[in-house]
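What follows is a set of notes on a single structure, which appears directly below.
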Amino acid sequence: MAITLADIERLEVETIRDAAKALDKQAASMDDTKAGIGKLPIQGRWTGVSATAAFGNLDSLGKFMTIHSDDYRAATKGMYSAADGFDGAQQVLRSIDAFASDHGFHLDKTSGTVTALKEKHDPADMEHIVSTAKQVLAAGESSDAQLTRAVGLLDGPEGDSDVGTGPWILDKAKELAKPEEFTRWWNGLTEEEKQDLYNRDHFIGNHPGMPFEDRTRFNERHLGELTHAAQANVDTLRAQHPDWADGKLPTNKGGNWEYRHWKEQWDNANHTLAGYQQVGKSLDSKDDMRRYLGYLDDQGRAATSINNPDNAKRVATYIPGTGQDLARLEYSTEKSERMYWATREADRSLHPTDVSVTTWMGYDRPMSLPDAASTSYAQNGAQALDDFQSGLRASHNDAATGGQAIQTVIGHSYGSTLLGGAATDGHHLDANNVITVGSPGVLADHAKDLNLAPGANVFSTRAENDIIGLVTYATLGPDPMGAQFGGIPFEASPGPAGPLGTPTVEAHSSYWDKGNPALANMGKIIAGRTDVTPPSYVP
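Heads up, the sequence shown is in UniProt numbering, so the first residue is 1 and it goes up one at a time.
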């Protein structure tokens with residue numbers, strides 16, 4: 001696809017320079033490695049068949065470092081040059097755009113056309129703008145071609161696939177590749193290359209577009225490592241103060257800074273360990289349906305799935321809200337399990353593996369009600385959800401399932417706000433259906449403001465006694481249940497009421513209770529139906 005002025009304008013030139021800088025460091029590291037190999041004091045002291053083989057391997061490694069450090073440096077030079085070219089093109093574009101505005105013209109950066117805004121205008125000015133815009137495009141195309149050539153050098157001489165295991169390609173894939181591009185690239189790697197990539201980056205299993213079989217085996221491997229490290233941290237803290245760890249507190253604990261400092265570390269370490277243990281527990285299936293680990297990091301984020309989303313016809317993503325973290329993961333996965341069975345009930349023609357429900361805790365959730373009034377958690381986590389959803393679409397096995405899956409995203413409480421953040425402010429959420437459950441707002445005034453898959457439906461439900469009703473319209477947007485929002489509301493049980501009929505927190509969590517029509521309606525939606533039960537309560 002041809003480059004446009006709009007592409008040139010929004011290009012972040014510094015990302016190219018950052019990539020070039022990282023690549024240059026990698027080349028320097030290769031040079032150091034090669035130099036170190038040459039200084040090894042072993043030749044002449046070690047003889048025999050094993051020595052001959054070792055020397056041969058070292059020689060091959062040295063040649064590899066020589067060839068590829070040269071490639072890396074050439075690519076670095078090309079990337080810096082391309083960045084400079086784009087930088088210059090952007091400066092000229094800003095200048096000519098200002099000139100056009102000052103002289104009564106509009107420069108359309110998508111089409112490249114120039115329009116006179118006044119009946120009387122100087123044709124010479126228009127010609128100057130048109131000519132300069134063409135120069136900018138030419139410079140952008142030249143820089144784009146130069147960048148392409150530079151990146152092409154990283155494929156290695158004559159398509160040497162060994163380069164595909166270099167750490168630079170991980171940065172490149174994460175920063176530049178679309179999930180579908182990553183899927184094609186990943187599926188072309190050998191098993192040895194995949195293993196080597198994991199050895200270089202233990203978070204590789206989180207990449208959008210990686211098939212879930214590979215995501216899971218690498219993330220499960222990483223989970224074991226993270227759990228071991230977390231346990232070691234707990235053991236170290238226990239060894240420092242075994243009495244404190246057993247609850248035998250110092251008599252002066254109120255003023256004992258050392259104890260308070262240790263206790264904070266102790267609590268955090270145990271909480272981290274509990275989170276990883278919960279993730280491990282969630283993968284231990286008790287219902288003969290395999291669990292998949294589609295995301296895991298060391299910052300309290302994870303995503304676990306019932307069945308393989310790549311092979312399912314109905315794929316749902318459930319986003320918990322305020323106060324939920326990995327140490328409480330089982331309460332969220334239980335909701336996903338209930339939605340799975342509600343979906344199977346809504347369409348009994350679906351086979352067990354035709355439905356997959358993911359519990360997605362891939363963002364930093366607000367952990368208190370005051371925090372939940374902020375839009376920042378949704379804005380900061382929006383891209384992660386977008387990436388996960390587009391990754392689901394990219395790695396899905398359309399051929400095996402007879403076409404694309406129906407993708408549904410369910411956001412509960414602040415999870416619905418995150419859902420809204422992922423579909424507004426320039427974001428696109430790849431979902432055929434979205435469901436807001438007990439929502440405080442989705443950062444949008446109307447359902448049509450959500451950028452979703454073509455023809456997507458927006459569903460909402462709220463229990464009459466849900467305490468969330470006290471905060472809707474506050475800071476996160478209007479109530480998605482309202483008629484003016486333009487969504488499709490559906491029935492939920494009122495939920496437990498407090499004294500004198502006051503709203504309760506219990507009602508806020510009641511949507512997945514057995515017999516609640518909200519659960520049955522969510523099952524219908526995930527199954528691909530739209531015949532939900534209208535609500536008897538409308539706020």
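No residue lacks a Cβ here, since even glycine has one placed at the ideal position from N, Cα and C.
Bear in mind that the values here come from a model prediction, so they are computed numbers and not experimental data.
Item to check | In DSSP terms, what ASP466 is bridged to | outcome: Within the sequence shown, the letter at position 466 stands for residue 466. THR504, per the DSSP bridge assignment.
Item to check | N- and C-terminal bounds of the beta strand (DSSP E) containing ASN457 | outcome: Counted from its first residue, the sequence shown places residue 457 at position 457. Taken as a continuous stretch (DSSP letters only), the beta strand (DSSP E) holding ASN457 covers 457-461.
Checklist entry - Among ALA133, ASP364, PRO370, which one has its Cα closest to the Cα of GLN383? => result By one-based count along the sequence shown, residue 383 stands at place 383. The shortest Cα separation from GLN383 among ALA133, ASP364, PRO370 belongs to ASP364.
Item to check | Alpha-carbon to alpha-carbon, PRO250 and ARG10 | outcome: Locating residue 10 in the sequence shown gives position 10, counting from the first residue. Locating residue 250 in the sequence shown gives position 250, counting from the first residue. Going by the C-alpha atoms only, they are around 59 Å apart.
Checklist entry - Looking at the structure shown, is ARG314 part of a helix, part of a strand, or coil, going by DSSP? => result By one-based count along the sequence shown, residue 314 stands at place 314. Here ARG314 sits in strand by DSSP.
Checklist entry - By a C-beta neighbour count over all protein chains shown, 10 Å radius and 16 as the cutoff for buried, is PRO123 buried or exposed? => result Translated into the one-based positions of the sequence shown, residue 123 becomes position 123. By the 10 Å Cβ count, PRO123 comes out exposed.
Checklist entry - How long is the line joining the alpha carbons of ARG215 and TYR295, rounded to whole angstroms? => result Taking the first residue of the sequence shown as 1, we reach residue 215 at position 215. Taking the first residue of the sequence shown as 1, we reach residue 295 at position 295. Their Cα atoms are separated by approximately 7 Å.
Item to check | Residue span of the beta strand (DSSP E) that contains TYR292, given as start and end | outcome: Numbered from 1 along the sequence shown, position 292 holds the residue referred to as residue 292. Run containing TYR292: 291-296, per the beta strand (DSSP E) assignment.
Item to check | Coarse secondary structure for LEU418, derived from DSSP in three states | outcome: On the sequence shown, residue 418 is found 418 positions in, with the first residue counted as 1. Looking at LEU418 - three-state DSSP - the assignment turns out to be helix.
Checklist entry - Between which two residues does the beta strand (DSSP E) carrying GLY224 extend? => result As a first step, residue 224 must be located in the sequence shown, where it is residue number 224. Premise fails: GLY224 lies in the alpha helix (DSSP H), 212-240, not in any beta strand (DSSP E).
Checklist entry - Quick one: complete alpha helix (DSSP H) runs, 4+ long, within the segment 255-295? => result 257-282
Next on the checklist: Within a Cβ cutoff of 6 Å, which residues of the same chain sit near TRP186, ignoring the five residues on either side of it in sequence?
Outcome noted: Locating residue 186 in the sequence shown gives position 186, where the first residue counts as 1. Taken in chain order, the residues that qualify are MET210.
Checklist entry - Can you tell me whether DSSP reads TYR537 as helix, strand or coil? => result Residue mapping note: residue 537 aligns to position 537 of the sequence shown, counting from 1. Three-state DSSP puts TYR537 in coil, outside helix and strand.
Item to check | LEU350 - DSSP class collapsed to helix/strand/coil | outcome: In the sequence shown, residue 350 corresponds to position 350, counting from 1. Here LEU350 sits in coil by DSSP.
Item to check | Spatial distance of GLY498 from LEU329 (CA atoms) | outcome: The residue given as residue 498 occupies position 498 in the sequence shown. The residue given as residue 329 occupies position 329 in the sequence shown. Each residue's CA atom was taken as its position, placing GLY498 and LEU329 some 27 Å apart.
Item to check | Under the three-state DSSP convention, the category ALA116 falls into | outcome: Here residue 116 refers to the residue found at position 116 of the sequence shown. The answer is strand: DSSP assigns ALA116 an E or B state.
Next on the checklist: Could you compute how far the alpha carbon of VAL442 sits from the alpha carbon of GLY247?
Outcome noted: Walking along the sequence shown from the start, residue 442 turns up at place 442. Walking along the sequence shown from the start, residue 247 turns up at place 247. Near 44 Å, if we compare the C-alpha coordinates of GLY247 and VAL442.
Checklist entry - Could one say the Cβ of ALA463 lies closer than 7 Å to chain C's Cβ atoms, at least one of them? => result Considering every chain present, this structure includes no chain C. It has just one protein chain.
Checklist entry - So, is ASN432 buried or exposed, given that buried needs 16 or more other C-beta atoms within 10 angstroms? => result Working through the sequence shown from its first residue, we reach residue 432 at position 432. Its Cβ being crowded by 16 or more others within 10 Å, ASN432 is buried.
Item to check | Cutoff 6 Å; reference GLY86; Cβ partners in own chain excluding five residues on either side | outcome: Here residue 86 refers to the residue found at position 86 of the sequence shown. With the sequence shown as reference, residue 86 is identified as Phe, and Gly is not the correct amino acid for it. Around PHE86: LEU11, VAL13, SER143.
Item to check | ARG291, buried or exposed, once every other Cβ within 10 Å from all chains shown has been counted against 16 | outcome: Here residue 291 corresponds to residue number 291 of the sequence shown, with the count starting at 1. Classification for ARG291: buried.
Checklist entry - If you run the structure through DSSP and keep just helix, strand and coil, what is SER390? => result Translated into the one-based positions of the sequence shown, residue 390 becomes position 390. The answer is helix: DSSP assigns SER390 an H, G or I state.
Next on the checklist: Considering Cα atoms alone, identify which of ALA6, ILE8, THR76 is closest to LYS25.
Outcome noted: Here residue 25 refers to the residue found at position 25 of the sequence shown. Nearest of ALA6, ILE8, THR76 to LYS25, Cα basis: THR76.
Checklist entry - Rounded to whole angstroms, how far is the Cβ of VAL532 from the Cβ of PHE459, which I believe are closer than 8 Å? => result For the purposes of this step, residue 532 is taken as residue 532 along the sequence shown, with counting starting at 1. For the purposes of this step, residue 459 is taken as residue 459 along the sequence shown, with counting starting at 1. Indeed they touch by this definition, with Cβ atoms about 7 Å apart.
Item to check | Through-space distance from SER81 to residue 569, alpha-carbon basis | outcome: The requested residue 569 does not occur in the structure, where the chain is confined to residues 1 to 539.
Checklist entry - Can you tell me the Cα-Cα spacing of PRO352 and THR530, whole angstroms? => result The count along the sequence shown starts at 1 and reaches residue 352 at position 352. The count along the sequence shown starts at 1 and reaches residue 530 at position 530. The alpha-carbon atoms of PRO352 and THR530 are separated by roughly 21 Å.
Next on the checklist: Using C-beta distances below 7 Å, list every residue in its chain close to LYS281, excluding the 5 sequence neighbours before and after it, in chain order.
Outcome noted: Counted from its first residue, the sequence shown places residue 281 at position 281. Within the same chain, LYS281 has close Cβ partners GLU330.
Checklist entry - What residue does the beta strand (DSSP E) around ALA303 start on, and which one ends it? => result What you label residue 303 is simply residue 303 of the sequence shown in a count that begins at 1. 302-306 is the span of the beta strand (DSSP E), which, as asked, contains ALA303.
Next on the checklist: So, for ARG149: in the same chain, excluding its five sequence neighbours on each side, which residues have a beta-carbon less than 7 Å away from its beta-carbon?
Outcome noted: Indexing the sequence shown from 1 puts residue 149 at position 149. Excluding residues within five positions, the ones whose Cβ falls inside 7 Å are GLY78.
Next on the checklist: Using a Cβ-Cβ cutoff of less than 7 Å, which residues in the same chain neighbour ALA447 once the five nearest sequence positions on both sides are dropped?
Outcome noted: Position 447 of the sequence shown, counted from the first residue, corresponds to residue 447. VAL458, PHE485, GLY486, GLY487.
Checklist entry - Near ILE410, what residues of its chain come up, given a Cβ to Cβ distance below 6 Å and the 5 sequence neighbours on each side ignored? => result Residue numbering aside, residue 410 sits at position 410 when the sequence shown is read from its first letter. Hits under 6 Å: TYR318, ILE435.
Checklist entry - Would you say the segment 308-316 touches the segment 260-275, given that touching needs at least three Cβ pairs under 8 Å? => result no
Checklist entry - Helix, strand or coil: which one does DSSP assign to GLN379? => result By one-based count along the sequence shown, residue 379 stands at place 379. Helix.
Next on the checklist: In whole angstroms, give me the CA-to-CA distance for GLN379 and THR113.
Outcome noted: Indexing the sequence shown from 1 puts residue 379 at position 379. Indexing the sequence shown from 1 puts residue 113 at position 113. For GLN379 and THR113, the gap between their C-alpha atoms comes out near 34 Å.
Checklist entry - From GLU119 to GLY104, what distance separates their C-alpha atoms? => result Start at 1 with the first residue of the sequence shown, and residue 119 comes out as number 119. Start at 1 with the first residue of the sequence shown, and residue 104 comes out as number 104. So the alpha carbons of these two residues sit roughly 10 Å apart.
Checklist entry - Quick one: Cα of GLY321 to Cα of ALA342, how far? => result Walking along the sequence shown from the start, residue 321 turns up at place 321. Walking along the sequence shown from the start, residue 342 turns up at place 342. As the crow flies, the alpha-carbon of GLY321 is around 21 Å from that of ALA342.
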